[in-house]
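Let me begin by presenting the structure, written as structure tokens, before commenting on it.
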Amino acid sequence: MAGTRKTGYVDRLSTQAQPIVLVADDHEDTRMMLRELLTINGFVVIECEDGLKALAEARRTIPDLVLLDGRLPSLDGLDVARALRGCAEGVNVPIVFVSGDDNCTDKAIAAGCNTALLKPVDPLDLLAIVRDLSRPASRSASKRESRAVKDHV
Amino acid sequence: MSEDTADTRPAPTAEGASTRRWAQELGELQNRIRKLKTGVLPPAAVDLLEDALSLSVTLLQELAGAQLLQRRMQADMRRSTASWGYLFDRVPVPCVVTDSAGTIISANRAASLFLNISAKHLVGRLLLHFSDDREKFGTALLSAATDRTRIEQVMTIRPKERAPREMLVVIVPESPEQSGRHLWFLQPMTPTMRSPDVLPVTSEQATAN
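Respectively, the protein sequence lines represent chains X and D. Using the numbering used here, the letters of the first sequence correspond one by one to residues 8 to 160. Using the numbering used here, the letters of the second sequence correspond one by one to residues 39 to 247.
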């Protein structure tokens, strides 16, 4: 898929599957920084620069977490969250919403996001949240459910 | 790198002031035309004037809408840039931005701590001076610049007045609009990491062989 890229280089000898994070942000430098931050910390990153691609990629790969920027071309972050929650594959995927809008939290939660962060985001806070929401126990359970629903559909 | 967060409100612009002035003048014109309706001009002429005025108002509204959109886009860009700057500065990984020759343009806090030089004094230095593998460094930089691809390379980095360390260096070319600039991430090697050229053969590969 155009505009989508996977990376990952750490802990090559690790036998544990690395959690997959889908980063949707139209600002290339921010995507780059988030990709390296997450990759260095043991995540596999899939990048999308617009909302429609993010939605398609999330449905295709069922990531362990979606990091969603509020302002995205073609489909904004809240619309992506709503659409993801409305489809079988995305029901259980944790969604972290990131926005510069002071009033984003209520809107994000109403749209189905697990949490919302206000820009500028502290990378350590972000990492802690991503680790918490994508931790293996909750991840495997939600992923199993999503995949089961997807297979059933 | 600035730690300030940008004011995200669209800034007042000369275009905005001029649009407001035009709107005011159109409003005054409309009042004058309404006064003319008392019989000075034939009704057809008044209709024509009102049509022209109405068209001007529509054009002005479109112009104001376009200006608002442009200001919002500029505000978004400022917000994104400020957000990136904050992220860059606080990311807990030594990270520097260089030009195409490897001269440091900016460095984050972690890079300053690791290289043992303040971020301000790192600017203008060649990153190459911190590398013990100058040939490897040059090849990686050239490769990243010519292929515009992300490079991973294990290199020995020597911070100022400290022992050299083996690091996994990741070089990421920035977007084409910022052509020539590179982001460098310096990550200490851990026992579980291997350089790309000594990756272990997976069980699938072994079976295939």
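Ideal placement from N, C-alpha and C gives every residue a C-beta, glycine not left out. No experiment lies behind these values; they were computed from the predicted model shown.
Open item on the list: Please confirm whether Trp122 of chain D has its beta-carbon closer than 7 Å to some beta-carbon of chain X.
Closed with: yes
Open item on the list: On the CB-based measure, 16 or more other CB atoms within 10 Å of its CB, does Glu56 of chain X come out buried or exposed?
Closed with: buried
TODO: Verify whether the separation of the beta carbon atoms of Ala24 of chain X and Leu75 of chain X is less than 7 Å.
DONE: no
TODO: Answer with buried or exposed for Thr22 of chain X, where buried requires no fewer than 16 other C-beta atoms within 10 angstroms of its C-beta.
DONE: Since pLDDT at Thr22 of chain X reaches only 46, below the 50 mark, its modelled position is unreliable, and the value read off the structure follows with that caveat. Exposed: under 16 other Cβ atoms inside 10 Å.
Task: Inter-stretch contact at 8 Å, needing at least 3 Cβ pairs: the stretch 83-94 of chain X / the stretch 84-95 of chain D - done: no
- [ ] Kindly say whether Arg110 of chain D, judged by its beta-carbon, lies nearer than 7 Å to any beta-carbon of chain X.
- [x] no
Task: Classification of Glu54 of chain X by the beta-carbon crowding that lies within 10 angstroms, buried from 16 upward - done: buried
Task: Cβ neighbour criterion (16 or more within 10 Å) applied to Glu173 of chain D - done: exposed
TODO: Can you grab the Cα-Cα spacing for the pair Pro188 of chain D / Asp36 of chain X, in whole Å?
DONE: Residue identity check: residue 188 of chain D is Arg in the sequence provided, not Pro. So the alpha carbons of these two residues sit roughly 13 Å apart.
Open item on the list: Which residue wins for smallest C-alpha separation from Ala200 of chain D, given the options D:Lys73, D:Ala120 and D:Ser169?
Closed with: Reading the sequence as shown, one finds Arg at residue 200 of chain D and not Ala. The option with the nearest alpha carbon to Arg200 of chain D is D:Ser169.
- [ ] Entirely within the stretch 66-100 of chain X and at least 3 residues each: give me those beta strand (DSSP E) ranges in chain order.
- [x] 72-76
- [ ] Can you grab the Cα-Cα spacing for the pair Phe104 of chain X / Asp113 of chain X, in whole Å?
- [x] 11 Å
TODO: Just the chain D side, please: which residues come within less than 9 Å of Gly58 of chain X by C-beta, in chain order?
DONE: In chain order: nothing, as chain D lies at least about 15 Å away.
- [ ] Work out the CA separation of Cys133 of chain D and Ala149 of chain D for me, nearest whole Å.
- [x] 5 Å
Task: Per-residue DSSP class, three states only, for Pro26 of chain X - done: coil
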